[in-house]
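Colleague:
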Amino acid sequence: MNNVFSFSILGKLNIRTQLNSAYRNDLIKHNNQVDKNRYVLNKIINCIRFCGAFELALRGHDEKENSENRGIFKELVNFSAELDNELKVHIQSAKLFEGSSKTTQNELLECMLDVYHEEVKKEIANSPFVAVIADETTDVACEFQYLCKGQPVERFWRFYVPDGHDAKSIAACVLNVVNPLLDQNPNKLIAQSHDGASVMSGELNGVQKIIKETYPLANYVHCYAHQLNLIMTSACSVNKQARIFFHNLSGLCSFFSTSPQRTKILDEIVNRRLPRSSQTRWNFQSRGVHTVYENRKDLIKVMDNIESTSRDSSSINQASGYKLKLQDTNFVFWLSIFHKIMPHVEIVFNQLQKVRTDSVKVKNDLENFEAAIQTIREQMDSIIDQIERVQRETDEPARKKRQVEEGSKKREALEICDAVLSQIRTRFNFSGHLVASNLFVSEKFSVYKHQFPEAHLNDTCTQFSFLDKNRLKTELQVLYQREELSTTSGAVPLSILLNEEGLNCTFQETLKLLSILITIPMSTSEAERSFSMLKRIKTFLRNTMKEERLSALGMLSAEKHFVSGIEYFNNKVIENFATKKERRMDLIYRKL
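Using our numbering, the first residue of the sequence shown is number 783, and each one after it goes up by one.
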């Protein structure tokens, strides 16, 4: 017993010291101060989280004491102090640690990112499959998509600056993130989706090829919504006149967006604004096409007004040029053609950007889009006749117009339609997951009940060889017999239903396949949103912060709801902050 007692106090303070009342009083005083310090730090963390969540600049141009505007973060801390006396006393009396310095901000942001990453790691560890999404611009934004409690979730990870912008450098960057998270389980990464430089998706030597060497099941999935926009870009690139049309349309929109005087005239005559010219991938001038098509005659009047009333020679010259362009037969022809095509592009864009979409819906959306373009192609003769009739009715009779060469115009328009269809077939050539989605088209359950889709099952099990084919077939046969499932639309609702009814073990292989389909990124609007968020964050970073700060701010903005749901998030950040290095502010409790 004596030896046990000696061992228990080995390395600890002398027992007499512990019993000393002065020591105990000092310990209580220290821990009370730690409580106060942690309270203050908790308030500062809340201020940083608020700024990050709403993408507000932490730093001001002038943060000196006598500055009238010290930046949103500093002013928010001061405002909080006016409502919290304990925080106010600390700010006024602090000599060693005020808590709002640039260094402290950066360290707290780093700790927040660490805590967030730990929570995401737990989710990834509990998910059956994971997909990685990388969006490459000047930085690489990395995200993961997986199932959490039966629901597909997408989590922003961080921004990276790779060593180079070739395929090997970017692949190494992605693998350095993925490898530690998957815990040497190569079959867990079920899909990869990239956007950006051409090296990202090259079939032979691109990033996807390098990643698949390590993760053989990581099938490359095209960024669907991005790809549709690239389809429009590629389709226009095959025809010189179509390219010229979109450049002119962009210039027309910019003509009004850069001048309040021109905009005023536009409002008076047209009573509708032209959309700002945008190079973003989501909007290939579709709003501009519709607005100009519907208001072409009024826009000609606007140009006449600017010509006669403006004193600016540049405005007069540009107005004259755009007036001629609005009356030009080539411009009007392509305006009408794309006015026919764009509504279908918008519909499929909106469908593919839905966060909860899945492979079954994507397949149907793409088929509907292809059918719509094919219909336009078949109706081209009547469309061209309608265009010529509208031109005769709306243009000035005295104006000399070049005769529309109907055969030539038809060939060019058909060329655009063919290019769109060809791009779709080429870019969505990989269809393993889309073939598998055929097994869960609820409208076909009544047919599958009598004629099992053997071909779809064979293709699916060839693509995902780890599935138990015989068991999967048995499970699907049971599902097809259930009338109540015939109204279930999509893989997500079916997966949720089976999980909620406690059928995980009964339909084990079915749920495994559903998990794969749900995990595979059907829409990469989230990746694109991260890219635009990156640009927004950079505008208030004053271009002086390190990349680590950018990632933390990106996380606070993109994942604010997830962060709010992390239990004791601020306390975990404080613990991390306190133990990273020795602090001048007491943050660690002492024990006897």
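We put the beta carbon where it would ideally sit given N, CA and C, even for glycine.
If we ignore side chains and look at the alpha-carbon of each, how far apart do T996 and Q1173 end up?
Modeller: Within the sequence shown, numbered from 1, the residue matching residue 996 stands at position 214. Within the sequence shown, numbered from 1, the residue matching residue 1173 stands at position 391. Roughly 59 Å separates the two Cα atoms.
Colleague: Excluding the 5 residues flanking W1116 on each side, which residues of the same chain have their C-beta closer than 7 Å to its C-beta?
Modeller: To locate residue 1116, count along the sequence shown from 1; it is residue 334. Excluding sequence neighbours, W1116 sits near Q1023, A1024 and F1027.
Colleague: Which residues in the same chain as W1064 place their Cβ atom closer than 6 Å to its Cβ, once the five residues preceding and following it in sequence are excluded?
Modeller: To locate residue 1064, count along the sequence shown from 1; it is residue 282. In this predicted model, W1064 has a pLDDT of only 38, less than 50, meaning its place in the structure is not dependable enough to derive any value.
Colleague: From this set, C1287, A1101, R1171 and F855, which residue's C-alpha is nearest Q1043's C-alpha?
Modeller: If you number the sequence shown from 1, residue 1043 lands on position 261. Closest option to Q1043, Cα to Cα, is A1101.
Colleague: Among Q1245, E1076, L1239 and E1265, which residue has its Cα nearest to the Cα of T1253?
Modeller: Taking the first residue of the sequence shown as position 1, residue 1253 is located at position 471. Sequence check: residue 1253 is Arg here, not Thr. Checked all of Q1245, E1076, L1239 and E1265; the closest Cα to R1253 is L1239.
Colleague: In whole angstroms, give me the CA-to-CA distance for V1202 and M1162.
Modeller: Counted from its first residue, the sequence shown places residue 1202 at position 420. Counted from its first residue, the sequence shown places residue 1162 at position 380. Near 15 Å, if we compare the C-alpha coordinates of M1162 and V1202.
Colleague: Run the CB neighbour count on E1341, radius 10 Å, all protein chains shown included, and call it buried at 16 or more, exposed below.
Modeller: Here the question's residue 1341 lines up with position 559 in the sequence shown. Buried, because 16 or more other Cβ atoms sit within 10 Å of the Cβ of E1341.
Colleague: What separation, rounded to the nearest whole angstrom, lies between the Cα atoms of L1276 and T1270?
Modeller: Numbered from 1 along the sequence shown, position 494 holds the residue referred to as residue 1276. Numbered from 1 along the sequence shown, position 488 holds the residue referred to as residue 1270. Their Cα atoms are separated by approximately 6 Å.
Colleague: Spatial neighbours of I1198 within its chain, please: C-beta separation below 8 Å, excluding the five flanking residues on both sides.
Modeller: Indexing the sequence shown from 1 puts residue 1198 at position 416. The answer, listed in chain order, is A1017, C1018, V1020, N1021, A1024, I1119 and I1123.
Colleague: Do V956 and I906 have their beta-carbon atoms positioned less than 9 Å apart in this structure?
Modeller: In the sequence shown, the residue the question calls residue 906 occupies position 124. In the sequence shown, the residue the question calls residue 956 occupies position 174. No, the Cβ-Cβ distance between I906 and V956 is not below 9 Å.
Colleague: Please list, in chain order, all residues of the same chain as Q933 whose beta carbon is under 8 Å from its beta carbon, the five residues on each side excluded.
Modeller: As a position in the sequence shown, residue 933 is number 151, starting the count at 1. Closer than 8 Å at Cβ, skipping near neighbours: V1274 and I1278.
Colleague: Starting from F1395, trace the alpha helix (DSSP H) in both directions and tell me its first and last residue.
Modeller: Residue 1395 is absent from the model: the chain starts at 783 and stops at 1374.
Colleague: Go ahead and label N1347 buried or exposed: buried means 16 or more other beta carbons lie within 10 angstroms of its beta carbon, across all protein chains shown.
Modeller: To locate residue 1347, count along the sequence shown from 1; it is residue 565. The amino acid occupying residue 1347 in the given sequence is Gly; Asn does not appear at that position. With fewer than 16 other Cβ atoms within 10 Å, it is exposed.
Colleague: What does a CB cutoff of less than 7 Å around V1229 pick up in its chain, not counting 5 residues either side in sequence?
Modeller: Here residue 1229 refers to the residue found at position 447 when the sequence shown is read from its first residue. No residues qualify anywhere along the chain.
Colleague: Using the C-alpha atoms, what's the distance from T1073 back to D1080?
Modeller: On the sequence shown, position 298 is the one that residue 1080 refers to. On the sequence shown, position 291 is the one that residue 1073 refers to. Those two C-alpha atoms are separated by around 11 Å.
Colleague: How far does the alpha helix (DSSP H) with V935 in it reach, from first residue to last?
Modeller: Translated into positions along the sequence shown, residue 935 becomes position 153. No alpha helix (DSSP H) holds V935; the beta strand (DSSP E) holding it covers Q933 to Y942.
Colleague: In three-state terms, what does DSSP make of E1291?
Modeller: As a first step, residue 1291 is located in the sequence shown; it is residue number 509 there, counting from the start. In the structure shown, E1291 sits in a helix (DSSP, three-state: H, G or I).
Colleague: May I have the straight-line CA-CA distance separating V1130 from L1258, to the nearest angstrom?
Modeller: Position 348 of the sequence shown holds residue 1130. Position 476 of the sequence shown holds residue 1258. The alpha-carbon atoms of V1130 and L1258 are separated by roughly 30 Å.
Colleague: Near V1084, what residues of its chain come up, given a Cβ to Cβ distance below 6 Å and the 5 sequence neighbours on each side ignored?
Modeller: Residue numbering aside, residue 1084 sits at position 302 when the sequence shown is read from its first letter. The answer, listed in chain order, is I1047, L1048 and I1051.
Colleague: Using only the alpha-carbon positions, how far apart do L1295 and K970 sit?
Modeller: Along the sequence shown, read from residue 1 onward, the residue named residue 1295 stands at position 513. Along the sequence shown, read from residue 1 onward, the residue named residue 970 stands at position 188. The straight-line gap from Cα to Cα measures roughly 13 Å.
Colleague: Quick one: what does DSSP say L999 is sitting in, helix, strand or coil?
Modeller: For this step, residue 999 is matched to residue 217 along the sequence shown. In the structure shown, L999 sits in coil (DSSP, three-state: anything other than H, G, I, E or B).
Colleague: Suppose you measure from the CA of P910 to the CA of A876; what does that come to, to the nearest Å?
Modeller: What you label residue 910 is simply residue 128 of the sequence shown in a count that begins at 1. What you label residue 876 is simply residue 94 of the sequence shown in a count that begins at 1. Looking at the two C-alpha atoms, the distance is approximately 50 Å.
Colleague: Alpha carbon to alpha carbon, how far is V871 from L858?
Modeller: Counting from 1 along the sequence shown, the entry for residue 871 is found at position 89. Counting from 1 along the sequence shown, the entry for residue 858 is found at position 76. If I take the Cα positions, the gap works out to 16 Å.
Colleague: If you draw a straight line from the C-alpha of L1332 to the C-alpha of K884, how long is it?
Modeller: Here the question's residue 1332 lines up with position 550 in the sequence shown. Here the question's residue 884 lines up with position 102 in the sequence shown. Cα to Cα, the separation comes out at about 14 Å.
Colleague: Take M1337 as the anchor and find which of Q1290, G988, S788 and C833 has the nearest alpha-carbon.
Modeller: Residue mapping note: residue 1337 aligns to position 555 of the sequence shown, counting from 1. The shortest Cα separation from M1337 among Q1290, G988, S788 and C833 belongs to C833.
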